[in-house]
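**Student:** Dropping a structure here in structure tokens format, bear with me for questions.
Number of protein chains: 2
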Amino acid sequence: MPMNSKIRFSKKRAWSHDLPISFLMQQGVENPGVLSLAAGLVDQNSLPVELTKKSFDHLFSNPKTARAALQYGTTAGSLSLRSLLLSHVSNLEEKSARELGMTVDNIIVTTGSQQYLSLLGEVLLDPGDICLVAAPTYFVFLGVLQGLGARIVSIETDEFGMRMDSLESTLGILESQGQLEKVKMIYLVSDYENPSGISLSQDRRGQVVEIAQSWSKQQKIFILEDLAYRELCYDGPVVPSIRSFDSTGETVILTQTFSKSFSPGLRVGFGVAPKEVCAAICDKKGNDDFGSTNMSQQVLATALRENFYYEHVKHLREVYREKRNYMLEAADTYFSNIPGVRWVHPNGGLYVWMTLPNNIETGFASPLFQKAIHEDKVMYVPGELCYATDQKLDFDKQPPIQKNHMRLTFGVQNHEGIQEGMKRLAKAVKSFI
Amino acid sequence: MPMNSKIRFSKKRAWSHDLPISFLMQQGVENPGVLSLAAGLVDQNSLPVELTKKSFDHLFSNPKTARAALQYGTTAGSLSLRSLLLSHVSNLEEKSARELGMTVDNIIVTTGSQQYLSLLGEVLLDPGDICLVAAPTYFVFLGVLQGLGARIVSIETDEFGMRMDSLESTLGILESQGQLEKVKMIYLVSDYENPSGISLSQDRRGQVVEIAQSWSKQQKIFILEDLAYRELCYDGPVVPSIRSFDSTGETVILTQTFSKSFSPGLRVGFGVAPKEVCAAICDKKGNDDFGSTNMSQQVLATALRENFYYEHVKHLREVYREKRNYMLEAADTYFSNIPGVRWVHPNGGLYVWMTLPNNIETGFASPLFQKAIHEDKVMYVPGELCYATDQKLDFDKQPPIQKNHMRLTFGVQNHEGIQEGMKRLAKAVKSFI
Numbered sequence: 001m002p003m004n005s006k007i008r009f010s011k012k013r014a015w016s017h018d019l020p021i022s023f024l025m026q027q028g029v030e031n032p033g034v035l036s037l038a039a040g041l042v043d044q045n046s047l048p049v050e051l052t053k054k055s056f057d058h059l060f061s062n063p064k065t066a067r068a069a070l071q072y073g074t075t076a077g078s079l080s081l082r083s084l085l086l087s088h089v090s091n092l093e094e095k096s097a098r099e100l101g102m103t104v105d106n107i108i109v110t111t112g113s114q115q116y117l118s119l120l121g122e123v124l125l126d127p128g129d130i131c132l133v134a135a136p137t138y139f140v141f142l143g144v145l146q147g148l149g150a151r152i153v154s155i156e157t158d159e160f161g162m163r164m165d166s167l168e169s170t171l172g173i174l175e176s177q178g179q180l181e182k183v184k185m186i187y188l189v190s191d192y193e194n195p196s197g198i199s200l201s202q203d204r205r206g207q208v209v210e211i212a213q214s215w216s217k218q219q220k221i222f223i224l225e226d227l228a229y230r231e232l233c234y235d236g237p238v239v240p241s242i243r244s245f246d247s248t249g250e251t252v253i254l255t256q257t258f259s260k261s262f263s264p265g266l267r268v269g270f271g272v273a274p275k276e277v278c279a280a281i282c283d284k285k286g287n288d289d290f291g292s293t294n295m296s297q298q299v300l301a302t303a304l305r306e307n308f309y310y311e312h313v314k315h316l317r318e319v320y321r322e323k324r325n326y327m328l329e330a331a332d333t334y335f336s337n338i339p340g341v342r343w344v345h346p347n348g349g350l351y352v353w354m355t356l357p358n359n360i361e362t363g364f365a366s367p368l369f370q371k372a373i374h375e376d377k378v379m380y381v382p383g384e385l386c387y388a389t390d391q392k393l394d395f396d397k398q399p400p401i402q403k404n405h406m407r408l409t410f411g412v413q414n415h416e417g418i419q420e421g422m423k424r425l426a427k428a429v430k431s432f433i
Numbered sequence: 001m002p003m004n005s006k007i008r009f010s011k012k013r014a015w016s017h018d019l020p021i022s023f024l025m026q027q028g029v030e031n032p033g034v035l036s037l038a039a040g041l042v043d044q045n046s047l048p049v050e051l052t053k054k055s056f057d058h059l060f061s062n063p064k065t066a067r068a069a070l071q072y073g074t075t076a077g078s079l080s081l082r083s084l085l086l087s088h089v090s091n092l093e094e095k096s097a098r099e100l101g102m103t104v105d106n107i108i109v110t111t112g113s114q115q116y117l118s119l120l121g122e123v124l125l126d127p128g129d130i131c132l133v134a135a136p137t138y139f140v141f142l143g144v145l146q147g148l149g150a151r152i153v154s155i156e157t158d159e160f161g162m163r164m165d166s167l168e169s170t171l172g173i174l175e176s177q178g179q180l181e182k183v184k185m186i187y188l189v190s191d192y193e194n195p196s197g198i199s200l201s202q203d204r205r206g207q208v209v210e211i212a213q214s215w216s217k218q219q220k221i222f223i224l225e226d227l228a229y230r231e232l233c234y235d236g237p238v239v240p241s242i243r244s245f246d247s248t249g250e251t252v253i254l255t256q257t258f259s260k261s262f263s264p265g266l267r268v269g270f271g272v273a274p275k276e277v278c279a280a281i282c283d284k285k286g287n288d289d290f291g292s293t294n295m296s297q298q299v300l301a302t303a304l305r306e307n308f309y310y311e312h313v314k315h316l317r318e319v320y321r322e323k324r325n326y327m328l329e330a331a332d333t334y335f336s337n338i339p340g341v342r343w344v345h346p347n348g349g350l351y352v353w354m355t356l357p358n359n360i361e362t363g364f365a366s367p368l369f370q371k372a373i374h375e376d377k378v379m380y381v382p383g384e385l386c387y388a389t390d391q392k393l394d395f396d397k398q399p400p401i402q403k404n405h406m407r408l409t410f411g412v413q414n415h416e417g418i419q420e421g422m423k424r425l426a427k428a429v430k431s432f433i
């Protein structure tokens with residue numbers, strides 16, 4: 001018997017090796033005393049224990065609805081939930097479903113919005129296809145793109161989000177290099193971007209739809225609008241989604257989740273796309289899992305129908321607004337006297353994006369990260385994870401990977417944890433000034 | 001603005017078009033009066049409403065465990081659930097985890113076992129790689145393989161399951177054609193195969209491990225053992241799994257689900273694999289969804305810990321044994337006087353595999369299927385869906401696609417539905433004799 005036969009994995013297996021998220025989680029496990037300003041968990045104490053119980057009891061008080069929740073659902077997700085989602089999106093947009101060009105058939109329920117992002121990538125992207133992203137952007141999605149063998153081209157951002165002039169000039173350069181036909185989508189976290197906390201300005205929301213449409217010369221260039229943080233708005237203007245500027249709904253694919261606004265443990269997210277895209281996603285999802293957990297879909301549908309959900313979101317905005325303020329105050333207290341340190345004041349979401357002087361690197365291997373985690377016992381997400389620069393593209397416009405940022409979250413820690421974490425982090429940073 | 005730009009999907013999108021499962025479900029929707037002996041749903045009345053409620057109440061009676069269930073879990077799944085799964089498998093095997101060479105680190109929790117099958121395919125199979133399967137076998141897995149662009153080579157079966165002589169001769173032919181290095185796995189539903197109801201004999205379980213090992217000349221050839229129906233045993237011998245014949249656990253990857261034995265609405269399945277394979281699956285799953293629904297994992301863990309689960313399985317065996325008997329009696333009543341019709345008596349699972357005379361085809365386009373669905377208002381799964389024959393392989397040994405079988409299930413219908421369904425089906429069949 002040959003004993004030395006090796007496992008030969010698929011080629012794409014290598015593309016999802018060494019994900020930064022795994023490294024981060026491992027650091028948390030290996031350093032239990034570390035205070036995490038990195039973990040993307042939500043606030044523990046405001047998790048909707050009572051409202052979930054009320055929803056569950058409501059559902060299980062009737063054997064018929066209880067059995068329906070315990071039986072197989074459908075691949076696209078519960079029809080009653082999808083009807084509620086249609087109203088939900090319609091309310092958020094302050095437009096009728098008809099005006100938005102949406103029906104329940106445009107909606108697919110997934111295991112968090114993460115699965116929607118992944119499925120859309122699977123059906124659209126071949127290895128070598130290009131996705132345009134903001135620099136910085138949601139680093140877990142960069143991992144998804146890498147796992148599919150896609151190429152990631154970064155676009156400059158400023159305080160109003162992705163720059164439209166940079167987007168157009170990049171598309172122009174890609175066209176001149178004969179690569180425009182590889183561009184399949186533009187990914188945008190339009191509200192309170194993870195990690196920067198910045199929202200795309202209203203002007204640019206309309207412009208980006210026009211740009212995507214006018215550059216869809218051979219094949220469709222979609223906008224993938226990730227609205228994970230949409231409902232966590234604390235102050236500042238609430239602007240209409242990019243999707244609302246796309247009257248036919250043929251250009252913008254929207255995705256949202258209930259992980260941030262209700263409970264990540266239910267794993268319910270969804271997306272809205274043209275029907276042809278929905279059919280492709282459903283076929284892939286049919287092979288992958290036949291449909292996401294039916295019981296949590298039914299629990300969430302009950303929470304939406306009985307208004308428990310909306311009650312909770314209102315409460316949650318208060319909780320997170322206070323935590324956001326607390327982190328910003330702690331930043332003032334501990335960082336305002338460190339020269340060259342600045343940070344973004346986010347109007348929503350869960351993150352504070354902090355910039356250090358250019359010469360202080362924040363990456364996993366940096367002296368700062370190592371000191372922070374091992375000596376000062378505090379952890380953050382290195383900003384460089386949120387930049388991807390396509391090495392194959394040789395032109396000026398692509399922004400360089402910036403190595404002097406930190407993504408800090410006020411999501412998981414309580415007030416004391418935020419205070420103590422910021423204090424420890426300032427101590428670590430100061431030692432490198 | 002160019003208005004005619006087309007959506008260009010990924011190449012692999014085309015591989016999961018026109019799945020038979022979608023067609024079947026569509027038939028159900030379009031023909032609401034049809035009695036389905038096709039749908040893979042489980043028995044509606046025995047769904048564990050009270051036990052799920054007890055588990056949920058138990059979990060939510062303590063704010064700490066309730067919050068943990070509502071928070072993010074980990075990609076591999078809840079550690080407490082995985083510990084319970086280790087004991088669960090160990091009890092079923094009547095061997096200690098140590099004897100089986102299993103730890104919690106070998107276990108990954110997925111959205112049903114379907115997601116495990118799909119993830120394993122993703123990390124092992126490149127387009128053109130080969131998976132060996134029984135003829136007939138679980139048709140939804142054939143869809144997964146096609147979706148990955150894999151090639152499917154069928155192996156003959158008899159009343160003891162996959163024939164080992166055919167397996168060896170096929171491997172020999174593949175080697176002589178220079179294609180052995182493409183073979184990545186052998187897929188086996190060892191207990192009460194879907195669709196045939198046949199179990200792999202104990203002798204062959206040991207043999208197939210030896211065969212896989214001895215033919216792993218260049219790369220590892222895994223056995224993927226799908227034990228979805230393992231706990232639904234009604235009579236006949238309960239034989240040890242193929243995995244139990246693999247003392248190092250390096251060759252056999254096992255997967256099970258709680259969809260059949262408890263509730264498909266919870267969508268909890270799992271798999272046991274070597275650690276290197278687990279790492280690959282976790283990386284892919286991290287990109288796909290970060291982990292399956294945490295709340296249903298915690299509900300199921302409670303049901304296992306409090307023995308509610310085992311209580312339920314005991315009850316379920318009685319329910320399904322009776323329904324199995326009912327369908328076999330109805331087959332006797334309505335089909336025994338039709339010449340050339342025969343069927344398998346299954347000792348477990350959910351299916352009765354019925355064979356018609358050679359000249360009566362059962363496919364979607366066949367006169368029988370059309371008459372059954374439109375006139376007699378009864379639906380079955382055409383047996384030919386459960387056969388895949390690789391067109392690129394040109395040799396005698398590959399069994400032909402058989403077109404005269406039907407997969408009938410006693411899972412979803414009650415006694416009256418089974419009786420009436422079998423009566424209608426016999427009427428349809430008789431008209432073609």
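Residue numbers (full-length UniProt numbering), protein chains in the order written: chain V, 1 to 433; chain P, 1 to 433. From the three backbone atoms N, C-alpha and C, an ideal C-beta is built for every residue, glycine too.
Would you list the one or two residues that DSSP bridges to Y187 (chain V)?
**Tutor:** Numbered from its first residue, the first sequence carries residue 187 (chain V) at position 187. According to DSSP, Y187 (chain V) bridges with V:V133 and V:L224.
**Student:** For a contact meaning CB atoms closer than 7 Å, what does K126 (chain P) contact in chain V?
**Tutor:** On the second sequence, position 126 is the one that residue 126 (chain P) refers to. Per the sequence presented here, residue 126 (chain P) reads as Asp, with Lys not at that position. Result: S10 and K11.
**Student:** According to DSSP, which residues form a beta bridge with W343 (chain V)?
**Tutor:** Along the first sequence, read from residue 1 onward, the residue named residue 343 (chain V) stands at position 343. DSSP, once it has assigned bridges, lists V:M354 as partnering W343 (chain V).
**Student:** Using the DSSP secondary-structure output, state which residues sit across from D158 (chain P) in a beta bridge.
**Tutor:** The residue labelled residue 158 (chain P) in the question sits at position 158 within the second sequence. In the DSSP output, where bridge partners are listed per residue, D158 (chain P) has P:G161.
**Student:** Please report the distance separating the alpha-carbon of residue 438 (chain P) from that of P195 (chain P).
**Tutor:** The structure shown has nothing for residue 438 (chain P), since chain P only spans 1 to 433.
**Student:** Keeping to the same chain, check which residues put their C-beta closer than 7 Å to that of F60 (chain V); ignore five residues upstream and five downstream.
**Tutor:** In the first sequence, counting from the first residue as 1, residue 60 (chain V) sits at position 60. These residues qualify, in order along the chain: A66.
**Student:** Could you tell me the boundaries of the alpha helix (DSSP H) in which G417 (chain V) lies?
**Tutor:** Taking the first residue of the first sequence as position 1, residue 417 (chain V) is located at position 417. Start and end: H415 to K430.
**Student:** Excluding sequence positions up to five away, which residues of its chain have a Cβ less than 7 Å from the Cβ of residue 434 (chain P)?
**Tutor:** The question about residue 434 (chain P) has no answer here: the residues shown for chain P are numbered 1 through 433.
**Student:** Show which residues of chain V have a CB atom less than 7 Å away from the CB atom of A66 (chain P).
**Tutor:** Here residue 66 (chain P) corresponds to residue number 66 of the second sequence, with the count starting at 1. Neighbours of A66 (chain P) on chain V, chain order: V49.
**Student:** Just to confirm my understanding: we take V412 (chain V), look at its own chain, exclude 5 residues before and 5 after, and list those with CB closer than 6 Å. What are they?
**Tutor:** The sequence position of residue 412 (chain V) within the first sequence is 412, counting from 1. Only A39 and L41 meet the Cβ criterion.
**Student:** In chain order, what residues of the same chain have a beta carbon less than 7 Å from the beta carbon of N309 (chain P), not counting five sequence neighbours either side?
**Tutor:** Against the second sequence, residue 309 (chain P) aligns to sequence position 309. Residue identity check: residue 309 (chain P) is Tyr in the sequence provided, not Asn. Taken in chain order, the residues that qualify are F262 and A303.
**Student:** Can you name the residues that DSSP bridges to T255 (chain P)?
**Tutor:** As a first step, residue 255 (chain P) is located in the second sequence; it is residue number 255 there, counting from the start. The partner list for T255 (chain P) (beta bridge, DSSP) reads P:D226 and P:G271.
**Student:** When you compare the CB positions of V133 (chain P) and I198 (chain P), do they come within less than 9 Å of one another, or not?
**Tutor:** Against the second sequence, residue 133 (chain P) aligns to sequence position 133. Against the second sequence, residue 198 (chain P) aligns to sequence position 198. No, Cβ-Cβ distance for V133 (chain P) and I198 (chain P) is not below 9 Å.
**Student:** L180 (chain V): buried (16+ other C-beta within 10 angstroms of its C-beta) or exposed?
**Tutor:** Position 180 of the first sequence, counted from the start, is the residue given in the question as residue 180 (chain V). L180 (chain V) should be labelled buried.
**Student:** Please name the residue in P:I152, P:D105, P:I130 and P:S96 whose C-alpha comes closest to that of P400 (chain P).
**Tutor:** Taking the second sequence and counting its residues from 1, the one referred to as residue 400 (chain P) is at position 400. Nearest option by C-alpha distance: P:I152.
**Student:** Inspect the CB distances between the segment 149 to 167 of chain V and the segment 91 to 111 of chain V and report whether three or more fall short of 8 Å.
**Tutor:** No, because fewer than three Cβ pairs between the segment 149 to 167 of chain V and the segment 91 to 111 of chain V fall closer than 8 Å, the two stretches do not touch.
**Student:** I need the straight-line Cα distance from G286 (chain V) to S22 (chain P), nearest angstrom please.
**Tutor:** For the purposes of this step, residue 286 (chain V) is taken as the residue at position 286 of the first sequence. For the purposes of this step, residue 22 (chain P) is taken as the residue at position 22 of the second sequence. Using only the alpha carbons, I get a separation of about 8 Å.
**Student:** Could you say if the segment 350 to 357 of chain P and the segment 323 to 341 of chain P meet the contact criterion of at least three C-beta pairs nearer than 8 Å?
**Tutor:** With a cut-off of 8 Å, the segment 323 to 341 of chain P and the segment 350 to 357 of chain P count as touching, because enough Cβ pairs lie within range.
**Student:** Counting only C-beta atoms, is Q44 (chain V) closer than 9 Å to chain P at any point?
**Tutor:** Start at 1 with the first residue of the first sequence, and residue 44 (chain V) comes out as number 44. Cβ-Cβ to chain P under 9 Å: yes for Q44 (chain V).
**Student:** Is there a Cβ of chain V sitting closer than 9 Å to that of I221 (chain P), yes or no?
**Tutor:** Numbered from its first residue, the second sequence carries residue 221 (chain P) at position 221. True, the Cβ-Cβ gap to chain V drops below 9 Å.
**Student:** Could you confirm whether any beta carbon from chain V is found closer than 9 Å to the beta carbon of H345 (chain P)?
**Tutor:** Along the second sequence, read from residue 1 onward, the residue named residue 345 (chain P) stands at position 345. No, no contact with chain V.
**Student:** Name, in chain order, the residues that DSSP records as bridge partners for V378 (chain P).
**Tutor:** Within the second sequence, residue 378 (chain P) is the residue found at index 378, counting from 1. Answer by DSSP bridge pairing, in chain order: P:L35.
**Student:** Would a C-beta distance cut-off of 9 Å place Q27 (chain V) and A388 (chain V) closer than the cut-off?
**Tutor:** As a first step, residue 27 (chain V) must be located in the first sequence, where it is residue number 27. As a first step, residue 388 (chain V) must be located in the first sequence, where it is residue number 388. In this structure, A388 (chain V) does not lie closer than 9 Å to Q27 (chain V) by Cβ.
**Student:** Please classify H315 (chain P): does DSSP put it in a helix, a strand, or coil?
**Tutor:** Taking the first residue of the second sequence as position 1, residue 315 (chain P) is located at position 315. Three-state DSSP puts H315 (chain P) in a helix.
**Student:** Below 8 Å on the Cβ atoms is my guess for G291 (chain V) versus T74 (chain V); work out the distance and round it to an integer in Å.
**Tutor:** Stepping through the first sequence from its first residue, residue 291 (chain V) is reached at position 291. Stepping through the first sequence from its first residue, residue 74 (chain V) is reached at position 74. Indeed, because the Cβ distance is near 6 Å, the residues count as touching under 8 Å.
**Student:** So if DSSP puts residue 466 (chain P) in a beta bridge, which residue, or which two residues, is it bridged to?
**Tutor:** Because residue 466 (chain P) is not part of the residues shown, which for chain P are 1 to 433, the question remains open.
**Student:** Assuming contact is defined by CB atoms lying nearer than 9 Å, are R267 (chain V) and T111 (chain V) in contact in what I supplied?
**Tutor:** Taking the first sequence and counting its residues from 1, one reaches residue 267 (chain V) at position 267. Taking the first sequence and counting its residues from 1, one reaches residue 111 (chain V) at position 111. Their beta carbons are under 9 Å apart, which means R267 (chain V) touches T111 (chain V) by this criterion.
**Student:** Kindly list the residues whose CB is nearer than 7 Å to the CB of V144 (chain P), restricted to its own chain and excluding five residues on each side of it in sequence; keep chain order.
**Tutor:** In the second sequence, residue 144 (chain P) corresponds to position 144, counting from 1. Counting only Cβ-Cβ distances below 7 Å, and skipping sequence neighbours, we find L117, S118 and G121.
**Student:** What does P63 (chain V) touch in chain B if you count any residue whose Cβ is under 7 Å from its own?
**Tutor:** No chain B appears in the structure shown, which is made up of the protein chains V and P.
**Student:** I21 (chain V) touches chain P at which residues, Cβ-Cβ below 7 Å?
**Tutor:** Counted from its first residue, the first sequence places residue 21 (chain V) at position 21. In chain order: G286.
**Student:** Classify I433 (chain P): buried if its beta carbon has 16 or more other beta carbons within 10 angstroms, exposed otherwise.
**Tutor:** Residue 433 (chain P) sits at position 433 when you count from the first residue of the second sequence. I433 (chain P) comes out exposed.
**Student:** Out of V:I373, V:Q213, V:D283 and V:A428, which has the shortest C-alpha to C-alpha gap to K12 (chain P)?
**Tutor:** Your numbering for residue 12 (chain P) matches position 12 in the second sequence. Looking at the Cα atoms, V:D283 is the closest of the given residues.
**Student:** Considering only their Cβ atoms, is the gap separating A280 (chain V) from F56 (chain P) smaller than 9 Å?
**Tutor:** Numbered from its first residue, the second sequence carries residue 56 (chain P) at position 56. Numbered from its first residue, the first sequence carries residue 280 (chain V) at position 280. Cβ distance not < 9 Å, so F56 (chain P) and A280 (chain V) don't count as in contact.
**Student:** Starting from H405 (chain P) and walking both ways along the beta strand (DSSP E), at which residues does that stretch end?
**Tutor:** For the purposes of this step, residue 405 (chain P) is taken as residue 405 along the second sequence, with counting starting at 1. Start and end: H405 to T409.
**Student:** On the premise that L227 (chain P) lies in contact with S244 (chain P), defined as a C-beta separation below 8 Å, what is that separation, rounded to the nearest angstrom?
**Tutor:** The count along the second sequence starts at 1 and reaches residue 244 (chain P) at position 244. The count along the second sequence starts at 1 and reaches residue 227 (chain P) at position 227. Not a contact, Cβ separation roughly 11 Å.
**Student:** Would you list the one or two residues that DSSP bridges to I152 (chain V)?
**Tutor:** Position 152 of the first sequence, counting from 1, holds the residue named residue 152 (chain V). For I152 (chain V), which the question treats as bridged, DSSP gives the partners V:C131.
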